[in-house]
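Undergrad: I'd like to ask some things about the structure below.
Residue numbers (my numbering): 187 to 285.
Printed below as a string of structure tokens:
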């Protein structure tokens, strides 16, 4: 006669095998439904959002970013942002996985 422990181990092995098979099926079916991102929403800190200050400012009292040499990008265009060009979020947005 089998001991209660071996019976319990057999049930545990069966249980974990069923769990493993069902999660494998779910993961493989989810991989087929992957799509590109349509947009990125970045709730900004200073590394991702340097441009709202100009838009939120009083037109009669603009911040330094609105005047040279501030607000000029690496590409020699005015931005009104306290950065010299694109940010990390801009590079991510140009990635091939963004549609």
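Yeah, the Cβ is synthetic: ideal placement off N, Cα and C, and Gly gets one too. Everything numeric in this text was worked out from a predicted model, so none of it was measured.
Mapping the DSSP letters down to three states, classify residue 277 as helix, strand or coil.
TA: Mapped onto the chain shown, residue 277 falls at position 91. Of the three classes helix, strand and coil, the one that applies to residue 277 here is helix, per DSSP.
Undergrad: Are residue 249 and residue 239 touching if we call contact CB-CB under 8 Å?
TA: The count along the chain shown starts at 1 and reaches residue 249 at position 63. The count along the chain shown starts at 1 and reaches residue 239 at position 53. Closer than 8 Å, so yes.
Undergrad: How close, in whole Å, do the beta carbons of residue 275 and residue 228 come, if the pair is a contact with beta carbons under 8 Å?
TA: As a first step, residue 275 is located in the chain shown; it is residue number 89 there, counting from the start. As a first step, residue 228 is located in the chain shown; it is residue number 42 there, counting from the start. Residue 275 to residue 228, Cβ: 5 Å. Contact.
Undergrad: With H, G and I counted as helix, E and B as strand and the rest as coil, what does DSSP make of residue 253?
TA: The residue you call residue 253 lines up with position 67 of the chain shown. Coil at residue 253, not helix or strand.
Undergrad: With H, G and I counted as helix, E and B as strand and the rest as coil, what does DSSP make of residue 229?
TA: If you number the chain shown from 1, residue 229 lands on position 43. DSSP places residue 229 in coil when its eight states are reduced to three.
Undergrad: Please state whether DSSP places residue 223 in a helix, a strand or coil.
TA: Locating residue 223 in the chain shown gives position 37, counting from the first residue. Of the three classes helix, strand and coil, the one that applies to residue 223 here is strand, per DSSP.
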